[in-house]
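First up is the structure itself, then whatever we jot down about it.
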Amino acid sequence: MYEYSVYWIIEDVARHYFHKSDILYRFLKDYQDNRDRIDLAAQFAYITKNIPQKNLIPHMKQYYRDKGFIKINRSLIEIYKDGEYISLHMNEKHLKFRCKTLQVAEGILFPMLRQFQPILFITGNDIDKYGWISPVSKLSEYQREQVLYS
5 MYEYSVYWII EDVARHYFHK SDILYRFLKD YQDNRDRIDL AAQFAYITKN
55 IPQKNLIPHM KQYYRDKGFI KINRSLIEIY KDGEYISLHM NEKHLKFRCK
105 TLQVAEGILF PMLRQFQPIL FITGNDIDKY GWISPVSKLS EYQREQVLYS
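In the numbering used here, the protein residues as written are 5 to 154.
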């Protein structure tokens, strides 16, 4: 099984870095490897939003009521659908999930997350894959501003 992380990115950063996903990915990996760096921690805190468990868990229960089975034990959530399984760990600033392939996540997890919040960025923790869960085309046009990380 592979492990992935899901981050809720603020809209301004999502608009600016939608077509520069590699920069955002490198930043998130750098932060994960160097959590003690104050500059990276401050940027990470700024560009990510907290994942509101009190809103996400009821959304998940509603979504999976007729589409699968969900088992919740505090911050650990297990999702079963069509013979497939995903384990999901909820943290303050990100979600971690494990699955066999991204196709499994696309069939089980991503549609529910897209309904909840479309501005989510996914990174592989043990595999070099990353990207947005949804196109950011719905967002308004943006003005050029500062570079987050390069």
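Glycine included, each C-beta is placed from N, C-alpha and C at the ideal position.
Bear in mind the structure is a predicted one, so any value in this text is a computation, not a measurement.
Does the stretch 128-141 come into contact with the stretch 19-34, if we say contact requires no fewer than three beta-carbon pairs (one atom in each stretch) closer than 8 angstroms?
yes
Lysine 33: first and last residue of the uninterrupted beta strand (DSSP E) it sits in:
Note, lysine 33: premise wrong, no beta strand (DSSP E); alpha helix (DSSP H) at 25-37.
Unbroken beta strand (DSSP E) run spanning arginine 19, endpoints
Careful: arginine 19 lies outside any beta strand (DSSP E), inside the alpha helix (DSSP H) at 15-21.
Count the other CB atoms, across all protein chains shown, that sit within 10 Å of the CB of phenylalanine 101; report buried if there are 16 or more and exposed otherwise.
buried
Give me, in chain order, the residues of the same chain whose beta-carbon lies closer than 6 angstroms to that of isoleucine 81; leave out the 5 immediate sequence neighbours on both sides.
Leu92
With 16 other CB atoms within 10 Å as the buried threshold, where does isoleucine 131 fall?
exposed
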